[in-house]
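Everything below concerns the one structure shown next.
Number of protein chains: 2
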Amino acid sequence: MLIRDLTTPALLVDAADLEHNLATMSAALPGPRLRPHVKAHKCTALAKRQAAHGHRTFTCATIREMEGMAGVGLGDDLLLANEVVDATRLGRIRNARITVAVDSEATIDAAARGGVREVLIDVNVGLPRCGCATEDAGRLADLARRKGLNVRGVMGYEGHVVGLDQRSTRTQLCEQSMQLLLQAHALVGGDVVSAGGTGTYDCNTWANEIQAGSYALMDTAYAKLDLPFRRALCVLATVISVSPAYAVADCGLKALGMDHGNPSVDGATVLFCSDEHITFVPESPTHVGDRIRVWPAHIDPTVAYHDRLHIVEAERIVDTWPVDLRGW
Amino acid sequence: MLIRDLTTPALLVDAADLEHNLATMSAALPGPRLRPHVKAHKCTALAKRQAAHGHRTFTCATIREMEGMAGVGLGDDLLLANEVVDATRLGRIRNARITVAVDSEATIDAAARGGVREVLIDVNVGLPRCGCATEDAGRLADLARRKGLNVRGVMGYEGHVVGLDQRSTRTQLCEQSMQLLLQAHALVGGDVVSAGGTGTYDCNTWANEIQAGSYALMDTAYAKLDLPFRRALCVLATVISVSPAYAVADCGLKALGMDHGNPSVDGATVLFCSDEHITFVPESPTHVGDRIRVWPAHIDPTVAYHDRLHIVEAERIVDTWPVDLRGW
Numbered sequence: 131m132l133i134r135d136l137t138t139p140a141l142l143v144d145a146a147d148l149e150h151n152l153a154t155m156s157a158a159l160p161g162p163r164l165r166p167h168v169k170a171h172k173c174t175a176l177a178k179r180q181a182a183h184g185h186r187t188f189t190c191a192t193i194r195e196m197e198g199m200a201g202v203g204l205g206d207d208l209l210l211a212n213e214v215v216d217a218t219r220l221g222r223i224r225n226a227r228i229t230v231a232v233d234s235e236a237t238i239d240a241a242a243r244g245g246v247r248e249v250l251i252d253v254n255v256g257l258p259r260c261g262c263a264t265e266d267a268g269r270l271a272d273l274a275r276r277k278g279l280n281v282r283g284v285m286g287y288e289g290h291v292v293g294l295d296q297r298s299t300r301t302q303l304c305e306q307s308m309q310l311l312l313q314a315h316a317l318v319g320g321d322v323v324s325a326g327g328t329g330t331y332d333c334n335t336w337a338n339e340i341q342a343g344s345y346a347l348m349d350t351a352y353a354k355l356d357l358p359f360r361r362a363l364c365v366l367a368t369v370i371s372v373s374p375a376y377a378v379a380d381c382g383l384k385a386l387g388m389d390h391g392n393p394s395v396d397g398a399t400v401l402f403c404s405d406e407h408i409t410f411v412p413e414s415p416t417h418v419g420d421r422i423r424v425w426p427a428h429i430d431p432t433v434a435y436h437d438r439l440h441i442v443e444a445e446r447i448v449d450t451w452p453v454d455l456r457g458w
Numbered sequence: 131m132l133i134r135d136l137t138t139p140a141l142l143v144d145a146a147d148l149e150h151n152l153a154t155m156s157a158a159l160p161g162p163r164l165r166p167h168v169k170a171h172k173c174t175a176l177a178k179r180q181a182a183h184g185h186r187t188f189t190c191a192t193i194r195e196m197e198g199m200a201g202v203g204l205g206d207d208l209l210l211a212n213e214v215v216d217a218t219r220l221g222r223i224r225n226a227r228i229t230v231a232v233d234s235e236a237t238i239d240a241a242a243r244g245g246v247r248e249v250l251i252d253v254n255v256g257l258p259r260c261g262c263a264t265e266d267a268g269r270l271a272d273l274a275r276r277k278g279l280n281v282r283g284v285m286g287y288e289g290h291v292v293g294l295d296q297r298s299t300r301t302q303l304c305e306q307s308m309q310l311l312l313q314a315h316a317l318v319g320g321d322v323v324s325a326g327g328t329g330t331y332d333c334n335t336w337a338n339e340i341q342a343g344s345y346a347l348m349d350t351a352y353a354k355l356d357l358p359f360r361r362a363l364c365v366l367a368t369v370i371s372v373s374p375a376y377a378v379a380d381c382g383l384k385a386l387g388m389d390h391g392n393p394s395v396d397g398a399t400v401l402f403c404s405d406e407h408i409t410f411v412p413e414s415p416t417h418v419g420d421r422i423r424v425w426p427a428h429i430d431p432t433v434a435y436h437d438r439l440h441i442v443e444a445e446r447i448v449d450t451w452p453v454d455l456r457g458w
């Protein structure tokens with residue numbers, strides 16, 4: 131099948147760029163040094179490619195992602211890097227090693243009650259989101275152990291740092307965050323110090339595993355940073371209307387994560403998106419029926435709108451992978 | 131089943147508020163005066179409720195929506211209010227009256243080639259998106275008729291007007307837009323003058339049918355206007371982490387359309403959303419495990435992330451409707 135035969139909008143993944151990204155990352159962070167985050171792609175076929183590059187430990191953001199990864203035999207060591215109040219479904223997952231993040235008595239209770247056996251203490255390292263205070267980590271670890279849970283260590287996501295432009299600033303703020311995490315680790319014990327993302331994959335030298343996910347497909351937000359990863363995913367769209375001042379294609383708010391702003395179109399200025407449209411000013415003559423490639427600003431909520439990824443080599447579709455980890 | 135038994139995030143639709151909205155709209159625009167737009171809810175069960183209120187003509191934004199509506203017997207008069215370059219799938223739909231918007235020779239060709247028999251000439255009435263120039267509408271109608279298509283009339287969406295705060299401004303700019311549409315109609319002929327949206331449903335007195343969709347479920351953007359419709363849909367979320375300064379619930383960028391900005395939480399200030407989280411500052415004590423209701427800023431791209439709507443009366447779930455018109 132050829133790209134031109136696709137119904138649009140459709141997600142295209144360049145096979146060579148994806149392979150470049152996976153190989154580059156696994157050279158920098160081999161095996162368990164990387165715990166790939168599946169939330170960015172929500173696709174077990176892509177996770178299998180990451181496994182083929184030597185990574186057998188994975189990070190998830192939802193229970194559904196955990197269930198789906200275990201279901202396809204990628205359950206050697208699955209971390210739900212998020213708090214849950216009801217761990218019943220997690221406790222029911224078979225043929226997988228399941229670890230869940232906890233940051234409170236209530237989430238520790240939920241893990242124990244739900245039949246989960248292993249936890250990480252989630253520590254707030256500067257992002258105003260989940261995670262306990264550093265000084266509270268030891269108390270929570272003791273509580274978890276008293277409830278019979280194996281406390282494997284700590285995690286702390288420097289999400290306020292990973293997207294910063296300057297590498298020197300990223301490194302400096304990452305160190306501050308990781309000092310907090312290491313202080314917590316000293317109180318908690320265990321083997322795991324889990325942190326990081328695509329923007330700090332090589333400057334975070336304090337954590338012993340990095341939870342990067344966006345590196346595989348990338349987006350325009352991460353592409354602004356000085357990273358060795360290529361933008362591997364775009365949304366293919368068809369031009370449906372052309373006026374003297376602008377053109378319109380069939381890729382809108384229901385095909386694109388918009389929290390990081392408008393997507394980009396090569397050789398064009400994007401004016402705005404509506405539900406099923408993108409209005410843009412092309413630099414060269416554009417005609418109804420032309421295909422364009424729209425580069426999303428944020429990969430994770432873009433992929434979550436689609437049910438499949440088309441893997442392409444030049445104009446040929448060489449594989450189609452279901453986005454099978456959607457929903458909750 | 132009770133709301134407290136739901137996995138979160140989950141879409142809740144208040145049955146009474148939905149009914150209020152449907153009844154209010156059908157009283158103002160009975161029968162074919164309203165051509166409900168299904169893109170806002172993408173749910174044939176909800177469309178059947180609209181049909182029960184007397185509306186048998188519907189508006190769609192995608193071919194998938196057209197196919198789905200015809201498939202459940204709601205195909206009396208379906209308008210695809212959008213241009214398509216390949217109308218083959220439209221031409222194959224059986225047991226339905228199919229009309230498609232056209233605004234160029236290429237889209238007229240596509241309709242004729244694809245086996246579609248009826249079209250509306252789509253006119254640009256001020257929104258920089260699809261639609262031909264007013265003065266071009268007659269030429270395109272003639273071309274369509276020469277190709278054997280039945281030209282039913284015109285459509286033109288005043289999308290730059292529907293969201294404006296002041297009713298007087300909306301009415302004034304709506305009139306300007308509709309003067310353009312009526313000029314085009316004089317050149318085109320036919321019975322249909324189709325336009326409008328929830329924000330102009332009662333001030334657009336020039337079109338003979340209104341394409342409103344958001345009125346059924348509403349969102350915080352439309353709730354700012356002086357409209358008689360109630361916010362009927364929210365995203366139920368669970369608080370998973372509480373710190374002294376803020377709380378975090380499990381409803382993020384993959385559960386919310388974000389192009390109109392952050393959602394709202396009653397009795398709280400929303401700080402930001404990330405993929406699976408909303409961080410907010412509650413005004414009253416909040417605990418892990420509490421349920422909160424998150425009000426999306428834009429309904430259409432919110433619903434498109436979810437696979438079902440839960441219809442609720444107080445704390446009870448009285449029905450669950452699939453969001454069955456997603457995708458393309």
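Residue numbers (the numbering used here), protein chains in the order written: chain A, 131 to 458; chain B, 131 to 458. Each residue gets a CB set at the ideal place from its N, CA and C atoms; glycine is no exception.
Check                                                                                                                                  : Outcome
C-beta neighbour in chain B for glutamate 443 (chain A), strict 7 Å                                                                    : no
Cβ contact check for the segment 376-396 of chain B and the segment 277-290 of chain A: 3 or more pairs under 8 Å                      : no
Contact residues within the segment 199-220 of chain B, judged by C-beta distance below 9 Å to chain A                                 : Asn212, Glu213, Val214, Val215, Asp216 and Arg219
Neighbourhood of leucine 273 (chain A) by C-beta distance below 6 Å, restricted to the same chain and skipping five residues each side : Ile238
Inter-residue Cα distance where the pair is valine 232 (chain A) and aspartate 252 (chain A)                                           : 6 Å
Simplified DSSP assignment, three categories, for leucine 257 (chain B)                                                                : coil
Counterpart residues of glutamate 149 (chain A) in DSSP-defined beta bridges                                                           : DSSP lists no partner for glutamate 149 (chain A).
Identity of the residues DSSP links to methionine 285 (chain B) by a beta bridge                                                       : B:Asp252 and B:Ser324
Assigned exposure category for asparagine 254 (chain B) - 16 Cβ within 10 Å defines buried                                             : buried
Near-chain A residues of the segment 291-307 of chain B (beta-carbon distance less than 9 Å), N- to C-terminal order                   : none
Residue of A:Val411, A:Cys173, A:Ala211 and A:Ala158 minimising C-alpha distance to alanine 379 (chain A)                              : A:Val411
Delimiting residues of the beta strand (DSSP E) encompassing cysteine 190 (chain A)                                                    : 187-190
Beta-carbon proximity check, tyrosine 331 (chain B) vs serine 344 (chain B), cutoff 7 Å                                                : no
Minimum Cβ-Cβ distance from histidine 407 (chain A) to chain B less than 7 Å                                                           : yes
Residues near alanine 271 (chain A) in its chain [Cβ-Cβ closer than 6 Å; skip 5 each side]                                             : Ile251, Val281 and Val318
Valine 323 (chain B): CB within 6 Å of a non-hydrogen atom of the ligand FAD                                                           : Ligands displayed in this structure: none; no statement on the ligand FAD is therefore possible.
Min CB distance alanine 398 (chain B) to chain A below 7 Å                                                                             : no
Nearest residue (CA-CA) to isoleucine 340 (chain A), options A:Ser156, A:Gly320 and A:Ala145                                           : A:Ser156
Leucine 148 (chain B) and alanine 444 (chain B) closer than 7 Å at C-beta                                                              : no
Beta carbon proximity, isoleucine 422 (chain A) to chain B, threshold 7 Å                                                              : no
Under the three-state DSSP convention, the category arginine 421 (chain B) falls into                                                  : strand
Buried/exposed call for aspartate 389 (chain B), threshold 16 Cβ in 10 Å                                                               : buried
Cβ of arginine 259 (chain B) within 7 Å of any chain A Cβ                                                                              : yes
Residue(s) in a DSSP beta bridge with leucine 363 (chain B)                                                                            : B:Val143
Test: tryptophan 451 (chain B) CB closer than 7 Å to a CB of chain A                                                                   : no
Proximal residues of chain B, C-beta to C-beta of glycine 102 (chain A) below 8 Å                                                      : Outside the displayed span of chain A (131 to 458) sits residue 102 (chain A), for which this structure offers no information.
Chain B contact for valine 143 (chain A) (CB, 7 Å cutoff)                                                                              : no
Under 8 Å from the C-beta of proline 139 (chain B): neighbouring residues of chain A                                                   : Trp458
Exposed unless 16 or more other CB atoms sit within 10 angstroms - verdict on leucine 132 (chain A)                                    : exposed
Where the beta strand (DSSP E) through isoleucine 446 (chain A) begins and ends                                                        : Note that residue 446 (chain A) corresponds to arginine in the displayed sequence, not to isoleucine. Residues 446-452.
Status (buried if at least 16 other CB within 10 Å, exposed otherwise) for arginine 134 (chain B)                                      : exposed
Segment contact, 8 Å Cβ cut-off, at least three pairs: the segment 300-307 of chain A with the segment 255-262 of chain A              : yes
Assigned exposure category for proline 358 (chain A) - 16 Cβ within 10 Å defines buried                                                : exposed
Among B:Met196, B:Gly205, B:Cys364 and B:Asp207, nearest to alanine 217 (chain B) - alpha-carbon criterion                             : B:Met196
Close beta carbons around cysteine 333 (chain B), own chain, < 8 Å, minus the five adjacent residues each side                         : Arg297, Arg300, Thr301 and Cys304
Exposure label - alanine 182 (chain A); buried when at least 16 CB within 10 Å                                                         : exposed
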